[in-house]
Amino acid sequence: MSRVALVFPYFRTRAATEMLFPPLGAATLAAQLRRLRIDAKVFDGTFGTFEQLRTDLTAYDPDIVGVYSMVSLTANTLRVAEMVRTSLPKALLVAGGPLPTVFPGRYTQHFDAVFRGEADVSFPRFCRDYFAGGVVPSRMDALPLDDYGGLFIPNHGLHVDNATVHHGEGELATFPLPDRSDFDHAAYQQEWRRKTGTMATSIIVTLGCPYGCDFCSKPIFGNVVRRRDLDSVFAEIEEIRRLGYDSLWIADDTFTLDEAYLAEFCRRIAGLGMSWSCLTRANGISMDTARLMKKAGCRRVYLGLESGSQATLDLMMKQVTLEQGVRAEEVYRAAGIEVAAFFIVGYPGETVAAIEETFKLALSLPLAEISFNVPVPLPGSKLFERLGEPDEGKDWTRENETTFVFPSDIDENWLRRRIDETMRAFAEKR
Ligand code: B12
Ligand code: SF4
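Residue numbers for the sequence shown follow my numbering, beginning at 898 and rising by one.
Quick look at the structure:
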């Protein structure tokens, strides 16, 4: 029997800011593989240990091991790759996800192949053909390698660098729902209940974002917005309910972009007894829509306010005004929806006075939650293109960092102190 293991190399850190969600990419690929009658299993490291993962993977004895990676999982990914090479030397080792998409060459030093971008169709088809042809890692040339979108292989005497694909709305509607059956839902739910009183899980409803914020990298879904068919979305929500969740964390880049689609979503979710939250932007939200969202169970929006200075918003290419940000907060709050806001401080080119404007804004608005980060030049973003690789010796793979990984005129200790002071003042105000 041919087997594919899908590894999510995250082990919980118990940091106060940690948010735990079952990895949707692995669930998506597991569903597609199973549709092709391939034996697939997701290995979610979240609640386990590295040694447990080694034992479980070895016992499953897969022919293909696929590992998800992103910037904060760089070290874990390479550790898993090393372990697979030692414990499962015959297995084909494949990487996918946001960071392999933008830096495939770094991964193929350790992996046999990388799938860049949306791998829903290409990776499962590759696995099917690999098994059907009785292929081994050194003879991948026996496969029609040009047929697999996003495939990147510079090893084994091959030079494959296929263009990435973005699946259209019609095709997305034919996809199976993500298969969440391999996750420890009781552990996820217990953690959410303990922290927030609700049991939330993530879902993707729309893909892509048309904006071009300077610091943002959209490695997987890109710039073209696609809306999933709502029948399929609501079949997925039914499954999520059956698994015991009572809340959704809508992970879309721009869920509130299309007000008509959003209104239809609201109409259909109202009455299901599910609360939900989503990310949103400062522009384009009307009072009527915000009220509809509230009526439909929207409890909180995460608003990328980013800065209290118009000059900095312009540097960030946010394509919004300060007034729009303040107005969006007012509209949501007036509708009864909590607003959590993200801010970025210490943007290249930003002045100390502009940073102070951001702290002032964060404390002046009645927000439910605030967070401050220094900009991280994510590969794939315009900021990264401008600043280049982070400084030697600087670790840019850590989560929720407030350390500069590029030369900056801003005094880091001062900035950290001001962030702490603002966070304390915010906590006291509440
Ligand atoms: C939900 C989410 C989170 C959640 C949950 C993460 C989780 N458990 O999945 C939370 C809030 C915890 C989170 C935190 C962070 N996140 Co986040 N997150 C997202 C978000 C919005 C959606 C991810 C998702 O569910 N996608 C849906 C699934 C279906 O897509 P997918 O996972 O990409 O899978 C597809 C492909 O990648 C590929 N694929 C996936 N796995 C595999 C495996 C193999 C073998 C193959 C072949 C293919 C493949 O096929 C899948 C189907 O097409 C993305 C943005 C985005 N739109 O992608 C950012 C994103 C992944 N996060 C990002 C970042 C930077 C972070 C943080 C570091 C932020 C911070 N400063 O703290 C932290 C780190 C968290 C950690 N634990 O390590 C970046 C990663 C950038 C990069 N180049 O690596 C992204 C891309 C956002 C961005 N625009 O910059 N995040
Ligand atoms: S930060 Fe948000 S709005 Fe800006 S480009 Fe990225 S996903 Fe789009």
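Ideal Cβ positions, reconstructed from N, Cα and C, are used throughout, including at glycine.
Residues in the same chain with beta-carbon distance under 7 Å from residue i, minus the five sequence neighbours each way, listed in chain order, please.
i     : result
D1058 : F1049
P1116 : P995, T998, V999, G1277
Y1244 : T1209, L1212, M1213, P1272
A1193 : C1163, I1166, A1167
V1121 : H1063, G1105
H1082 : L1140, G1141
T1095 : W1089, D1143, S1144, S1172
N1052 : T1005, D1009
E915  : R909
D1076 : A924, A927, A928, R931
G1222 : A1179, L1202
D953  : F940
P1107 : N1120, V1122
Y1158 : R1124
A1381 : In the structure as shown, the chain begins at 898 and stops at 1327. Residue 1381 is therefore absent and cannot be evaluated.
D1043 : N1059
What residues in its chain sit with their C-beta under 6 Å from that of residue i, if we drop five residues either side in the sequence?
i     : result
S1206 : A1251, E1254
T1061 : R1013, G1014, G1047
T1177 : T1153, V1198, L1200
Looking at the structure shown, is residue i part of a helix, part of a strand, or coil, going by DSSP?
i     : result
Y1158 : helix
G1222 : helix
R911  : coil
I1101 : coil
E1235 : strand
V1121 : coil
D1185 : helix
G922  : helix
Y1142 : coil
C1175 : strand
V901  : strand
R1197 : strand
E1203 : strand
F1281 : helix
N1270 : strand
L1275 : coil
F1301 : coil
F1240 : strand
I1316 : helix
L985  : coil
I1147 : strand
Of all the options the options, which has the alpha carbon lying nearest to the alpha carbon of residue i?
i     : options                    : result
P906  : R932, A956, V968, T925     : V968
T1093 : S1144, I1137, F1072        : S1144
A1179 : A1070, Q1216, L975         : Q1216
A978  : A1010, A956, W1311         : A1010
F1020 : V981, Y1199, G963, E1068   : G963
S1263 : R1230, P986, R1283         : What sits at residue 1263 in the sequence shown is Pro, not Ser. Comparing Cα-Cα distances from P1263 to each of R1230, P986, R1283, the minimum goes to R1230.
Y1085 : T1177, A1322, P919         : P919
K1326 : E1136, D1017, I1267        : I1267
R1314 : F1269, E1286, L1284, P1304 : F1269
L921  : F1080, T974, D1128         : F1080
T1071 : V1130, H1056, G1031        : V1130
T1338 : L1040, R1036, Y965         : Outside the modelled stretch of the chain, which goes from 898 to 1327, sits residue 1338, for which no answer is possible.
R1091 : T1248, D1126, A913         : A913
With C-beta atoms as the reference, is residue i less than 8 Å away from residue j?
i     : j     : result
L903  : A923  : yes
A1265 : E1235 : yes
F1239 : G1181 : no
Y1045 : R1025 : no
L917  : R911  : no
I1101 : F1028 : no
L1069 : E1133 : no
Y957  : K987  : no
D1149 : C1175 : yes
A1259 : T1319 : yes
T1299 : I1316 : yes
L1312 : V1198 : no
A1232 : M1190 : yes
I961  : V901  : yes
T974  : A992  : yes
I1147 : T1098 : no
G1030 : A1039 : yes
Near residue i, what residues of its chain come up, given a Cβ to Cβ distance below 8 Å and the 5 sequence neighbours on each side ignored?
i     : result
S1114 : P995, V999, L1275, P1276, G1277, S1278, F1281
S1183 : E1156, V1228
K1257 : G1205
F1118 : E1015, H1063, L1104, G1105, C1106, D1150
**Study point:** Contiguous beta strand (DSSP E) assignments of at least 3 residues, all confined to the stretch 991-1070
**Key:** 1010-1012, 1048-1050
Point to revise | For ligand 3, residues whose Cβ lies under 5 Å from any non-hydrogen atom | key: As presented, the structure is devoid of ligand 3, carrying ligand 1 and ligand 2 as its sole ligands.
**Study point:** Ordered list of beta strand (DSSP E) runs contained in the stretch 923-969, each at least 3 residues
**Key:** 936-941, 961-965
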